[in-house]
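Student: According to our numbering, the stretch in the sequence shown is residues 12 to 402, in order. Backbone N, C-alpha and C define an ideal beta-carbon position, used for all residues, glycine too. For reference, the structure I am asking about is given below.
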Amino acid sequence: MKINKLLLFVLISLLFLPQAAVSAELRSGQEVQIKQNQIIEENFYSVSTNFSHFGTAKKDLFAVAETISSSGTTTKDQFLAGANINIEGNLQEDLRAVGGEITISGPVEGETVLIGSKVNIEPEAKLNQETIILANKLNLEGKINKKARIFAREIFIDGEVGGNLQANTLIFNITKNAVIGGDLNYSADTKADIPKQTKVEGAINFTPSESSLWPFQKKDKNFRQTLISKFDNLWWLSLLAELMAGLVLFWLFKRKIKKINSSTYYNFGRNILIGLAVLVLSPVVLIGLFSSVVGFWISILLALIGGIFLILSKVGGGILLGSLLRKLILKEDRFKLDWNSVAGGIVALSLVSVIPFLGSFVETLFSTAVFGTLVCYFYSYLFNSGSSNKK
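As structure tokens, then:
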């Protein structure tokens, strides 16, 4: 089963949305391109390895690809998910982007939400409305005309924020060229050395981080107490429930669990991309279905299935970690799974999850990969059942 077909299946479900049901253009393949003189009149959906936008999209644009380059014009919203995203063109409404590295060097007239490992706002970029950024590292050299909220491990500001700036970080760096049009509220491990030439129109408020984003890099005297407080009754109850679920599932469906576990391991990156794309697009799909009479019960069913998959993904993430630990400790060539791996992996992931930010990141990474695998199998089951019924 190819990734393009699965993601296209997810995007096609967007056609249930009232605004998309009238007309839409869907494309998939190795290379998808909107050419320079091309005008797209309908909503545009693309799933590919590489996506390029040089023309004009008059309605919403959805793209999922490893590499995304957008230097054309989009008159409505853009929804992008990929490993590398580069936005140079003119976007006249909102931008939602999720990826590995995101670079913006053009104007965005609407609200902007960016989630990525590394986010670069180039000097040519102009984000004209409220901006929210979640990243490991942010380089802000362009301009945000309204207020901004930033959550990142490391923040570097050499540009301009027109309104208030709220920054939660570990490392906060701001240069003499930076301009803040409102209050500067930031929390970090240490107080930043703000140059006198830096223009801040409002107040500067610094709050020491109560718990570090990366606790092993922080000298926190209360870290041990903070960590111990995580092991409350709810944590133990959750661990017990996950252990029981994992062991029962392995007992009842040993062969299928091994198959899902191996598939997740050998297609880890691909399944993370699938899981992430489905998680990003699902709320849009469900809201659209929920608002229509025909789609109401479909949205309830899909939400129920999605909820079950999320619960199973948490357990599956622990099982995957356990099999990886077995492979590393025993130095085995093959990828194996047994009772000890299941129980040990679930306990290990639960222990890791209590570490602030880092634990959540690891837990989310493994769970999202398993979620992507479950979506793949669900998709395969639906279409294989349909084809067998036709026969």
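Nearest-angstrom Cα distance between Asn97 and Ile126?
Tutor: Stepping through the sequence shown from its first residue, residue 97 is reached at position 86. Stepping through the sequence shown from its first residue, residue 126 is reached at position 115. Approximately 14 Å, taken between the alpha carbons.
Student: Any idea which residues DSSP pairs Pro219 with across the strands?
Tutor: The residue given as residue 219 occupies position 208 in the sequence shown. DSSP lists Ala199 as partners of Pro219.
Student: Does the region 311 to 324 come close enough to the region 351 to 358 that 3 or more CB-CB pairs lie under 8 Å?
Tutor: Judged by Cβ distances under 8 Å, the region 351 to 358 makes no contact with the region 311 to 324, as fewer than three pairs qualify.
Student: I believe Gly66 touches Ile79 by the beta-carbon criterion, under 8 Å. Please report the beta-carbon distance rounded to the nearest angstrom.
Tutor: The residue labelled residue 66 in the question sits at position 55 within the sequence shown. The residue labelled residue 79 in the question sits at position 68 within the sequence shown. About 15 Å; that fails the 8 Å criterion.
Student: Provide the residue(s) that pair with Leu102 in DSSP beta bridges, ordered along the chain.
Tutor: Within the sequence shown, numbered from 1, the residue matching residue 102 stands at position 91. Note: Leu102 sits in a beta bridge opposite Thr85, Val119.
Student: May I ask you to list the residues that DSSP assigns as paired with Glu171?
Tutor: Your numbering for residue 171 matches position 160 in the sequence shown. DSSP, once it has assigned bridges, lists Lys154, Val190 as partnering Glu171.
Student: Return the chain-ordered list of same chain residues with a C-beta closer than 6 Å to the C-beta of Thr275, the five sequence neighbours on each side being excluded.
Tutor: Within the sequence shown, residue 275 is the residue found at index 264, counting from 1. Closer than 6 Å at the Cβ level, and outside the excluded window around Thr275, lie Asn282, Leu331, Ala380, Val381, Thr384.
Student: Go ahead and pull the three-state DSSP assignment for Phe377.
Tutor: What you label residue 377 is simply residue 366 of the sequence shown in a count that begins at 1. Looking at Phe377 - three-state DSSP - the assignment turns out to be helix.
Student: Roughly how many angstroms separate the alpha carbons of Ala256 and Arg266, rounded to a whole number?
Tutor: Within the sequence shown, numbered from 1, the residue matching residue 256 stands at position 245. Within the sequence shown, numbered from 1, the residue matching residue 266 stands at position 255. Computed Cα separation, rounded: 16 Å.
Student: Which term fits Phe264, buried or exposed, when burial requires 16 or more other beta carbons within 10 angstroms of its beta carbon?
Tutor: For the purposes of this step, residue 264 is taken as the residue at position 253 of the sequence shown. By the 10 Å Cβ count, Phe264 comes out exposed.
Student: Between which residues of its own chain and Phe261 is the CB-CB distance below 6 Å, once the five residues before and five after are set aside?
Tutor: Walking along the sequence shown from the start, residue 261 turns up at place 250. Only Ile268, Val353 meet the Cβ criterion.
Student: Starting from Thr60, trace the beta strand (DSSP E) both ways and give me its first and last residue.
Tutor: Numbered from its first residue, the sequence shown carries residue 60 at position 49. Element bounds for Thr60: 54 to 64.
Student: Does the Cβ of Asn319 have 16 or more other Cβ atoms within 10 Å, making it buried, or fewer, making it exposed?
Tutor: The residue you call residue 319 lines up with position 308 of the sequence shown. Correcting the residue type first, residue 319 is Ile in the shown sequence and not Asn. The residue is exposed, with fewer than 16 neighbouring Cβ atoms inside 10 Å.
Student: Leu348 lies in the alpha helix (DSSP H); which residues open and close that run?
Tutor: Residue 348 sits at position 337 when you count from the first residue of the sequence shown. Leu348 -> no alpha helix (DSSP H), and no H or E assigned at all.
Student: Please name the residue, chosen from Glu122, Gly121, Ile113, that lies closest to Glu133 on a Cα-to-Cα basis.
Tutor: The residue you call residue 133 lines up with position 122 of the sequence shown. Residue Ile113 is the option with its Cα nearest to Glu133.
Student: To the nearest angstrom, how far is the alpha carbon of Leu72 from that of Gly286?
Tutor: Residue numbering aside, residue 72 sits at position 61 when the sequence shown is read from its first letter. Residue numbering aside, residue 286 sits at position 275 when the sequence shown is read from its first letter. If I take the Cα positions, the gap works out to 20 Å.
Student: With 16 as the cutoff for other CB atoms within 10 Å, does Ile316 come out buried or exposed?
Tutor: As a first step, residue 316 is located in the sequence shown; it is residue number 305 there, counting from the start. The residue is exposed, with fewer than 16 neighbouring Cβ atoms inside 10 Å.
Student: Quick check: what's the CA-CA separation for Ala68 versus Ser82?
Tutor: Start at 1 with the first residue of the sequence shown, and residue 68 comes out as number 57. Start at 1 with the first residue of the sequence shown, and residue 82 comes out as number 71. Their backbone Cα atoms lie some 11 Å apart in a straight line.
Student: Going by DSSP, what residues sit across from Gln44 in a beta bridge?
Tutor: Looking up residue 44 in the sequence shown gives position 33. DSSP, once it has assigned bridges, lists Ser63 as partnering Gln44.
Student: Taking just the CA atoms, how far does Lys207 sit from Asn272?
Tutor: On the sequence shown, position 261 is the one that residue 272 refers to. On the sequence shown, position 196 is the one that residue 207 refers to. About 55 Å.
Student: Check this for me: beta carbons of Leu181 and Asp200, under 8 Å apart or not?
Tutor: Position 170 of the sequence shown, counted from the start, is the residue given in the question as residue 181. Position 189 of the sequence shown, counted from the start, is the residue given in the question as residue 200. Yes, Cβ-Cβ distance for Leu181 and Asp200 is below 8 Å.
Student: Where does Pro226 sit, in a helix, a strand or coil, going by DSSP?
Tutor: Working through the sequence shown from its first residue, we reach residue 226 at position 215. Residue placement at Pro226 cannot be trusted, given a pLDDT of 42 that sits under 50; the coordinates are not used to answer.
Student: So is Ala252 buried or exposed if we call it buried at 16+ other beta carbons inside 10 Å?
Tutor: Indexing the sequence shown from 1 puts residue 252 at position 241. The residue in question, Ala252, is exposed, as its Cβ has fewer than 16 Cβ neighbours within 10 Å.
Student: What's the call for Val259, buried or exposed, on a 16-neighbour Cβ count within 10 Å?
Tutor: The count along the sequence shown starts at 1 and reaches residue 259 at position 248. Looking at its Cβ environment, which holds fewer than 16 other Cβ atoms inside 10 Å, Val259 is exposed.
Student: Take the Cβ of Leu376 as the centre, count every other Cβ of all protein chains shown within 10 Å, and call the residue buried at 16 or more, exposed below.
Tutor: Translated into positions along the sequence shown, residue 376 becomes position 365. So Leu376 ends up on the exposed side.
Student: Ends of the alpha helix (DSSP H) at Ile271?
Tutor: For this step, residue 271 is matched to residue 260 along the sequence shown. Taken as a continuous stretch (DSSP letters only), the alpha helix (DSSP H) holding Ile271 covers 265 to 277.
Student: Can you give me the start and stop residues for the beta strand (DSSP E) that Gln177 sits inside?
Tutor: Residue numbering aside, residue 177 sits at position 166 when the sequence shown is read from its first letter. Taken as a continuous stretch (DSSP letters only), the beta strand (DSSP E) holding Gln177 covers 176 to 179.
Student: Which partner residues does Val211 have in the DSSP bridge list?
Tutor: What you label residue 211 is simply residue 200 of the sequence shown in a count that begins at 1. Looking at the DSSP assignment, Val211 forms a beta bridge with Ile191.
Student: In this structure, how does DSSP classify Lys70 when only helix, strand and coil are distinguished?
Tutor: Taking the first residue of the sequence shown as position 1, residue 70 is located at position 59. Three-state DSSP puts Lys70 in coil, outside helix and strand.
Student: Provide the residue(s) that pair with Val353 in DSSP beta bridges, ordered along the chain.
Tutor: The residue given as residue 353 occupies position 342 in the sequence shown. Val353 pairs with nothing; no bridge assigned.
Student: Write down the C-beta distance between Ala146 and Lys129 rounded to the nearest angstrom, noting that I regard them as a contact closer than 8 Å.
Tutor: Reading the sequence shown from its first residue, position 135 is the one you call residue 146. Reading the sequence shown from its first residue, position 118 is the one you call residue 129. 6 Å between Cβ atoms; contact.
Student: What separation, rounded to the nearest whole angstrom, lies between the Cα atoms of Val373 and Ala92?
Tutor: On the sequence shown, residue 373 is found 362 positions in, with the first residue counted as 1. On the sequence shown, residue 92 is found 81 positions in, with the first residue counted as 1. When rounded, the distance between both Cα atoms is 20 Å.
Student: Look up Asp231 in the DSSP assignment and say whether it is helix, strand or coil.
Tutor: Position 220 of the sequence shown holds residue 231. Note that Asp231 scores 46 on pLDDT, short of 50, meaning its location in the model is unreliable; the coordinates nonetheless yield the value given after this. Residue state, collapsed to three classes: coil.
Student: Could you tell me the distance, in whole angstroms, from the CA atom of Tyr392 to the CA atom of Gly40?
Tutor: For the purposes of this step, residue 392 is taken as the residue at position 381 of the sequence shown. For the purposes of this step, residue 40 is taken as the residue at position 29 of the sequence shown. Near 23 Å, if we compare the C-alpha coordinates of Gly40 and Tyr392.
Student: Taking a contact to mean a Cβ-Cβ separation below 8 Å, would you say Ile185 touches Ala163 in this structure?
Tutor: Position 174 of the sequence shown, counted from the first residue, corresponds to residue 185. Position 152 of the sequence shown, counted from the first residue, corresponds to residue 163. Cβ distance not < 8 Å, so Ile185 and Ala163 don't count as in contact.
Student: With 8 Å set as the bound, which would you pick, yes or no: does the beta-carbon of Tyr390 sit closer than that to a beta-carbon of chain D?
Tutor: The chain inventory of the structure shown lacks chain D, comprising one protein chain alone.
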